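Each remark here refers to the structure printed beneath this line.
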Ligand code: ADP
Ligand code: ADP
């Protein structure tokens with residue numbers, strides 16, 4: 022059973038003459054444990070696809086199943102619960118709380134999940150260690166480099182043990198060395214922890230870390246490239 026299963030998924034925004042077909046009958050299956058990159062020009066449907074996969078939105082037609090569950094039939098609250106249980110998100114701009122320390126940022130999703138303070142701190146420290154930020158727990162984002170801020174965001178995303186990590190241009194604000202370090206970390210999380218990763222990127226060099234690259238063009242998949250050859 023695929024973790025992510027799109028069957029003829031379309032997404033249409035707007036009505037009448039303003040209507041935009043952002044995704045056009047897309048079929049795509051991603052298995053547990055895979056690392057998949059999504060590429061394509063601006064406006065080709067990458068964000069729409071990531072939003073659907075992340076259960077932030079539902080298809081206009083077709084079926085999207087996550088872990089076998091038809092997401093289109095779920096209420097907004099049910100989708101929020103699904104995200105809370107199974108998904109982690111990271112972004113180009115890190116999305117950290119500015120006046121809050123690294124460990125407090127990582128604790129935030131654990132607060133929503135009802136863990137008590139001592140347990141939250143233990144889980145957050147473990148996650149921060151895992152991303153290589155031991156000793157930086159009490160720094161605020163302004164006291165950390167861009168690469169370190171992204172590590173905090175990754176720690177926050179994995180502290181809850183998600184099945185699937187969704188990454189939207191995670192290296193977009195980093196130079197290529199810092200970007201490669203983040204990709205090495207994501208590869209480690211994929212291989213050691215078995216976290217499935219789906220990442221949107223504009224950078225071919227970053228996409229090559231993934232097992233497969235799905236190319237979008239005009240709301241359709243134009244090509245799926247197997248990167249295992251590159252990895253050997
Ligand atoms: P990027 O191409 O860098 O991933 P986005 O995915 O945010 O950027 O946006 C891609 C295109 O979709 C842009 O042309 C943007 O104007 C449009 N777009 C994104 N979100 C909305 C929205 N909520 N309403 C209208 N257009 C949007
Ligand atoms: P990408 O991430 O590849 O840049 P998007 O998925 O953001 O592409 O956008 C695909 C198409 O859908 C674009 O034409 C974009 O302008 C349009 N679009 C995206 N989001 C919205 C929205 N919320 N409302 C209206 N149009 C949108």
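Numbering (the UniProt record's numbering), first residue to last: 22 to 253.
No residue lacks a Cβ here, since even glycine has one placed at the ideal position from N, Cα and C.
A quick note: this is a predicted structure, and the numbers were derived from the prediction, not measured.
Residue i: buried (16+ other C-beta within 10 angstroms of its C-beta) or exposed?
{"i": "residue 182", "result": "exposed"}
{"i": "residue 82", "result": "exposed"}
{"i": "residue 105", "result": "exposed"}
{"i": "residue 22", "result": "exposed"}
{"i": "residue 62", "result": "exposed"}
{"i": "residue 135", "result": "exposed"}
{"i": "residue 215", "result": "exposed"}
{"i": "residue 26", "result": "buried"}
{"i": "residue 32", "result": "buried"}
{"i": "residue 192", "result": "buried"}
{"i": "residue 247", "result": "exposed"}
{"i": "residue 178", "result": "buried"}
Could you check what DSSP says for residue i in three-state terms: helix, strand or coil?
{"i": "residue 46", "result": "strand"}
{"i": "residue 106", "result": "helix"}
{"i": "residue 132", "result": "helix"}
{"i": "residue 69", "result": "helix"}
{"i": "residue 174", "result": "helix"}
{"i": "residue 214", "result": "helix"}
{"i": "residue 83", "result": "strand"}
{"i": "residue 196", "result": "coil"}
{"i": "residue 96", "result": "coil"}
{"i": "residue 36", "result": "coil"}
{"i": "residue 26", "result": "strand"}
{"i": "residue 31", "result": "strand"}
{"i": "residue 101", "result": "helix"}
{"i": "residue 91", "result": "strand"}
What is the residue span of the beta strand (DSSP E) that residue i lies within?
{"i": "residue 189", "result": "185–189"}
{"i": "residue 236", "result": "233–238"}
{"i": "residue 241", "result": "241–247"}
{"i": "residue 58", "result": "56–60"}
Can you find a C-beta in chain C that's less than 7 Å from the C-beta of residue i?
{"i": "residue 73", "result": "Looking for chain C here will not work: only one protein chain is present."}
Between which two residues does the alpha helix (DSSP H) holding residue i run?
{"i": "residue 166", "result": "Here residue 166 belongs to no alpha helix (DSSP H), and DSSP marks it neither H nor E."}
{"i": "residue 142", "result": "138–151"}
{"i": "residue 226", "result": "225–228"}
Are there any heavy atoms of ligand 3 lying less than 6 Å away from the beta-carbon of residue i, as far as the coordinates show?
{"i": "residue 90", "result": "Ligand 3 is not among the ligands present in this structure, which contains only ligand 1 and ligand 2."}
Neighbourhood of ligand 2 [Cβ distance below 5 Å to any heavy atom], ordered by chain position = With 5 Å as the limit between CB and the heavy atoms of ligand 2, the residues that fall short of it are 34, 41, 43, 63, 64, 65, 66, 67, 68, 69.
message = With three or more beta-carbon pairs closer than 8 Å as the criterion, would you say the region 48–60 touches the region 230–241?
response = Yes, they touch.
inquiry  = Would you call the region 193–206 in contact with the region 162–178, where contact means no fewer than 3 C-beta pairs closer than 8 Å?
reply    = The answer is yes - the region 162–178 touches the region 193–206, with three or more Cβ pairs under 8 Å.
task = Tell me, please, whether the region 141–161 touches the region 109–124 by the rule of three or more beta-carbon pairs shorter than 8 Å.
result = By the Cβ rule, the region 141–161 counts as touching the region 109–124, because three or more pairs are nearer than 8 Å.
query = Would the region 233–248 and the region 40–57 be scored as touching if the rule is three or more Cβ pairs under 8 Å?
reply = Taking a cut-off of 8 Å for Cβ pairs, the region 233–248 and the region 40–57 touch, as three or more such pairs fall below it.
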